[in-house]
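Numbering (the working numbering), first residue to last: 69 to 288.
Here it is, written out as structure tokens:
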């Protein structure tokens with residue numbers, strides 16, 4: 069799938085150069101050309117420290133990377149582009165051999181149908197995967213204008229956790245109602261600030277996941 073020789077090896081600069089060359093081909097079209105989605109030696113060391121990449125082989129004071137490190141880095145960046153983060157990212161990459169990492173790098177978590185990457189009981193993370201799609205291609209079944217109505221319990225919980233003031237009574241604001249699946253909807257106000265960076269997107273997805281888990285626990 070990814071045409072890299074089985075005996076490929078190199079230093080950290082070689083790994084970064086080869087990874088960026090392949091990321092330009094593997095990442096979704098709306099992200100592949102973004103400079104911020106390229107990797108660099110600092111990121112590689114950070115991912116290794118976090119346990120997201122296997123440690124390199126040492127030759128004296130030099131770190132040497134093999135093909136498996138390249139596949140792991142490509143898979144990691146592809147899954148991040150697909151919206152995975154935190155524990156879901158750990159679960160997706162943990163224990164994968166080189167062939168599995170290559171498949172993830174080539175197919176991703178969404179287009180490749182890798183629903184099993186996230187534990188079946190973790191409905192919150194499956195929902196987050198859906199949100200990770202670009203707005204124009206989201207699998208939201210309905211996107212229609214709607215007007216403010218009494219806020220459901222889950223959104224009230226989010227407001228309380230963030231200590232946001234309650235909306236003034238009789239204030240009408242236009243929002244977008246997004247039906248993700250039967251029984252699960254998003255209300256997106258015009259004042260909502262869409263995340264402009266990968267880090268901001270991950271923070272938003274984490275907040276949504278925490279809110280869904282709170283709702284799930286409150287209903288048990």
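Every residue, glycine too, gets a C-beta built ideally from N, C-alpha and C. All figures in this text were calculated on a predicted structure; none of them were measured in a lab.
**Asked** Quick one, which of 259, 167, 253 has its alpha-carbon nearest residue 69's?
**Response** 167
**Distance, residue 162 Cα to residue 171 Cα** = 14 Å
**Item:** For residue 81, the three-state DSSP class (helix, strand or coil)
**Value:** helix
**Message:** Considering only the alpha carbon of each residue, which of 79, 154, 176, 155 lies closest to residue 134?
**Reply:** 79
**Message:** Going by DSSP in three states, residue 276 sits in which element: helix, strand or coil?
**Reply:** helix
**Request:** Spell out a yes or no on whether the segment 265-272 and the segment 248-256 are touching, meaning 3 or more CB-CB pairs, one atom from each, closer than 8 Å.
**Result:** no
**Message:** Using the three-state DSSP reduction, which class does residue 282 fall into: helix, strand or coil?
**Reply:** helix
**Prompt:** Closest to residue 164 by CA distance: which of 151, 152, 137 is it?
**Reply:** 137
**Request:** Would you mind reading off the limits of the alpha helix (DSSP H) that contains residue 146?
**Result:** 135-149
**Prompt:** What are the partner residues of residue 113, as DSSP defines its beta bridges?
**Reply:** Note: residue 113 sits in no beta bridge, so no partner.
**Request:** State the Cα-Cα distance for the pair residue 286 and residue 277, rounded to the nearest angstrom.
**Result:** 14 Å
**Asked** Is DSSP giving residue 38 helix, strand or coil here?
**Response** In the structure as shown, the chain starts at 69 and stops at 288, and residue 38 therefore has no counterpart that could be examined.
**Message:** Counting beta carbon pairs with one atom in the segment 140-156 and one in the segment 83-93, are three or more of them shorter than 8 Å?
**Reply:** yes
**Asked** Can you tell which of 112, 281, 261, 150 has its C-alpha closest to the C-alpha of residue 94?
**Response** 150
**residue 91 to residue 158 span [Cα, whole Å]** = 20 Å
**Asked** Which residue's Cα is closest to the Cα of residue 244: 124, 260, 126?
**Response** 260
**Item:** Reduced DSSP secondary structure (H/G/I, E/B, other) of residue 129
**Value:** coil
**Prompt:** Between residue 169 and residue 272, what straight-line distance do the alpha-carbon atoms span, to the nearest angstrom?
**Reply:** 27 Å
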